[in-house]
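Q: I'd like to ask you about the structure that follows.
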Amino acid sequence: MTRVRNISLVLLLVASFGCAGVYRGTITLTAAVDSAAQEYATIYKYKTVPVSEETHSKVLSAHARYQQFAGVAYDALLAYKLSGDATQYQQAFEAARSAGLAFANLVIPFFTKNKAESTVNNIMNAKAVL
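Using numbering that gives the first Met the number 0, the letters of the sequence shown correspond one by one to residues 0 to 129.
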């Protein structure tokens, strides 16, 4: 459900504001965090790697925090489109990227080396380019 909402948010951004290239950072960040969340959910559900309840609780909290910051970034992006001042959006995007990285750092120990590296690289390469 959350994944569908996040993807819908990205599609709404692209449809509302035109060229997807301008918002590549937002799309990259959303896709990277959603992919990591889906991978972790599969691992947790099928118990392919043991995950303690304490760790699982931290993962859920970190993902909820990311979603909050992503929501703020979305609101700031809408405000930027109205005002032309990108400062708040860039700050909110960086906070969302930071929260996404914190989430990823909790889940990547359960991933393959390649998946872990690509997740971190995608999040680090996401930039608030307007």
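We treat Cβ as the ideally placed atom computed from N, Cα and C, and that holds for glycine. The structure presented is a predicted model; accordingly, all values stated were derived computationally and were not measured.
(1) Put residue 84 into one of helix, strand or coil per three-state DSSP.
(2) Three-state secondary structure (DSSP) at residue 32?
(3) Under 8 Å between the Cβ atoms of residue 128 and residue 24?
(4) With the cut-off set at 8 Å, would you say residue 58 and residue 105 are in Cβ contact?
(5) Do you know offhand how far residue 64's Cα is from residue 98's?
(6) Just to confirm the assignment, what range does the alpha helix (DSSP H) spanning residue 146 have?
(7) Just to confirm, is the Cβ distance from residue 31 to residue 122 under 8 Å?
A: Walking through what the data contain:
(1) As a first step, residue 84 must be located in the sequence shown, where it is residue number 85. Looking at residue 84 - three-state DSSP - the assignment turns out to be coil, as it is neither helix nor strand.
(2) Taking the first residue of the sequence shown as 1, we reach residue 32 at position 33. Here residue 32 sits in helix by DSSP.
(3) Locating residue 128 in the sequence shown gives position 129, where the first residue counts as 1. Locating residue 24 in the sequence shown gives position 25, where the first residue counts as 1. Yes, the Cβ-Cβ distance between residue 128 and residue 24 is below 8 Å.
(4) Taking the sequence shown and counting its residues from 1, one reaches residue 58 at position 59. Taking the sequence shown and counting its residues from 1, one reaches residue 105 at position 106. Yes, these two residues count as a Cβ contact at 8 Å.
(5) The residue labelled residue 64 in the question sits at position 65 within the sequence shown. The residue labelled residue 98 in the question sits at position 99 within the sequence shown. So the two alpha carbons sit approximately 7 Å from each other.
(6) The chain is shown from 0 up to 129; residue 146 falls before or after that span and cannot be answered.
(7) Numbered from 1 along the sequence shown, position 32 holds the residue referred to as residue 31. Numbered from 1 along the sequence shown, position 123 holds the residue referred to as residue 122. Going by C-beta atoms, residue 31 is nearer than 8 Å to residue 122.
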